[in-house]
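The structure appears right after this line, and notes come after that.
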Amino acid sequence: MRLAVPLLSALVLSTLAVSQASADKIRNPTAIFSGLDKVTGRIVSFEVAIDETVQFGALQLTPRVCYTRPETETPNTTAFIEVDEVTVNNEYHRIFTGWVFAASPGLHGIEHPVYDIWLTGCSGGTEIIPDPKPAQPAANGG
């Protein structure tokens, strides 16, 4: 009985390794976000086309890419975004540039005293981008 548990664990780990090895992604033309106005408590969902800018309160959000995974793979929705704060003097200050993750909104979130914005999904994608395969070691010629 004791041997069955390590064998089962090894089997599960090898299955996970195989399923994570193929990590194709789908490029989507639209990113979907939710935003919270902490003053009013209002939550709004909104869609933004890639490379378009949308204003949420005093923040301007521009998604550059939004990736999902095929349905046969583990869900992993990510987006690379830029967020600027517009001041009352109409000055723009970049407060965030980076990747956000739908499964972990707090991991790399937009920190602002009045607004929270997080990625909830992507839509409209049909272009599959294959994951590059690792290089095979060269055969030793002798």
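Numbered per mature numbering (1 follows the signal peptide of the UniProt record, and there is no 0), the sequence shown spans residues -23 to -1, 1 to 119. Note that CB positions come from ideal geometry on N, CA and C, so glycine has one too.
Original post:
beta strand (DSSP E) containing Ala8: first to last residue?
Top reply: Residues 7 to 14.
Original post:
Going by DSSP, what residues sit across from Leu38 in a beta bridge?
Top reply: Val31, Val60
Subject >> Presumed contact (8 Å Cβ cut-off) between Ile72 and Ile58, rounded CB distance >> reply: With 8 Å as the limit, Ile72 and Ile58 do not qualify as a contact, their Cβ atoms being about 11 Å apart.
**OP:** Below 6 Å CB to CB, which residues in the same chain sit around Thr30 once its five sequence neighbours on both sides are set aside?
**Re:** Gln37, Thr39
Original post:
Relative to the alpha-carbon of Asn67, which residue among Thr7, Ala35, Pro82 has its alpha-carbon at the smallest distance?
Top reply: Ala35
**OP:** For the beta strand (DSSP E) containing Leu96, list its first residue and its last residue.
**Re:** Where Leu96 is concerned, the enclosing beta strand (DSSP E) starts and stops at 92 to 100.
**OP:** For Ser22, write down the residues that DSSP places opposite it in a beta bridge.
**Re:** Ser11
Subject >> Inter-residue Cα distance where the pair is Ile3 and Leu13 >> reply: Spanning the two alpha carbons is a distance of roughly 28 Å.
Original post:
Who are the Cβ neighbours of Thr64 in its own chain at under 8 Å, not counting the five residues just before and after it?
Top reply: Ala35, His70
Subject >> Assigned secondary structure, Val65 (DSSP; H/G/I helix, E/B strand, else coil) >> reply: coil
Original post:
Tell me which same chain residues have a C-beta within less than 6 Å of the C-beta of Ala56, skipping the five on either side of it?
Top reply: Ala8, Pro40, Cys43, Val77, Leu96
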